[in-house]
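Following this line, the structure appears as structure tokens:
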């Protein structure tokens with residue numbers, strides 16, 4: 005019984021050390037673009053992956069497998085932010101905000117889609133971003149991927165997905181990634 009408590013304690017301490025290291029790390033995870041000011045930040049998560057999936061074409065799900073004509077897997081670190089757009093704004097305004105911020109950084113838009121041409125919202129929400137809150141109407145979604153040179157000549161990728169849910173709430177998911 006003591007051995008179980010000892011293992012649990014070590015796991016807890018390890019988790020705390022990782023959390024502190026993440027919080028104190030130099031801007032490796034810092035967002036370069038501030039969140040859309042007319043939205044409330046609901047969730048922010050670190051993204052660290054040796055094979056993060058970035059789609060550059062519409063998404064499909066065939067036999068429980070994700071399909072996209074152009075998809076890359078990249079080693080990345082960064083953050084994902086889930087926001088709910090305020091009632092006095094819109095997801096279109098949020099999209100324009102991010103496009104403006106990207107233009108100011110001389111970003112290149114690598115892929116962009118709107119509505120049904122993006123694929124099924126359910127797949128984006130649950131399979132790609134793993135954020136069920138993003139499930140909405142297929143006709144009321146858009147997605148873009150852009151790249152630019154950030155600090156220290158690091159390539160930065162920004163993914164922006166917006167959607168209107170069935171209850172008319174509008175959400176934005178943004179990933180800011182160092183490649």
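In this note's numbering, the protein residues as written are 5 to 183.
Ideal placement from N, C-alpha and C gives every residue a C-beta, glycine not left out.
This one's a predicted model, so the numbers in the text were calculated from it and none came from an experiment.
Less than 9 angstroms between the beta carbons of residue 178 and residue 162, yes or no?
Translated into positions along the chain shown, residue 178 becomes position 174. Translated into positions along the chain shown, residue 162 becomes position 158. It is a contact, given that the beta carbons lie within the stated cut-off.
Is the segment 37-47 touching the segment 66-81 in the sense that three or more CB pairs, one from each, lie closer than 8 angstroms?
no
Hey, out of 170, 128, 141, 172, whose CA is closest to residue 164's CA?
Within the chain shown, numbered from 1, the residue matching residue 164 stands at position 160. Closest by alpha carbon: 128.
Write down the C-beta distance between residue 141 and residue 125 rounded to the nearest angstrom, noting that I regard them as a contact closer than 8 angstroms.
Here residue 141 is taken as the residue at index 137 of the chain shown, counted from 1. Here residue 125 is taken as the residue at index 121 of the chain shown, counted from 1. Between residue 125 and residue 141 the Cβ distance is about 7 angstroms, and since that is below 8 angstroms, they are a contact.
Among 132, 172, 137, which residue has its Cα nearest to the Cα of residue 55?
Counting from 1 along the chain shown, the entry for residue 55 is found at position 51. The shortest C-alpha separation from residue 55 is found at 132.
Return helix, strand or coil for residue 163, following the three-state DSSP convention.
By one-based count along the chain shown, residue 163 stands at place 159. Residue 163 falls in the strand class under three-state DSSP.
Residue 81 - partner residues in DSSP beta bridges:
By 1-based counting over the chain shown, the position of residue 81 is 77. Paired residue(s): 52, 182.
Excluding the 5 residues flanking residue 100 on each side, which residues of the same chain have their C-beta closer than 6 angstroms to its C-beta?
By 1-based counting over the chain shown, the position of residue 100 is 96. Around residue 100: no qualifying Cβ.
My output table needs one value for residue 94: the three-state DSSP class, helix, strand or coil.
Position 90 of the chain shown holds residue 94. Residue state, collapsed to three classes: coil.
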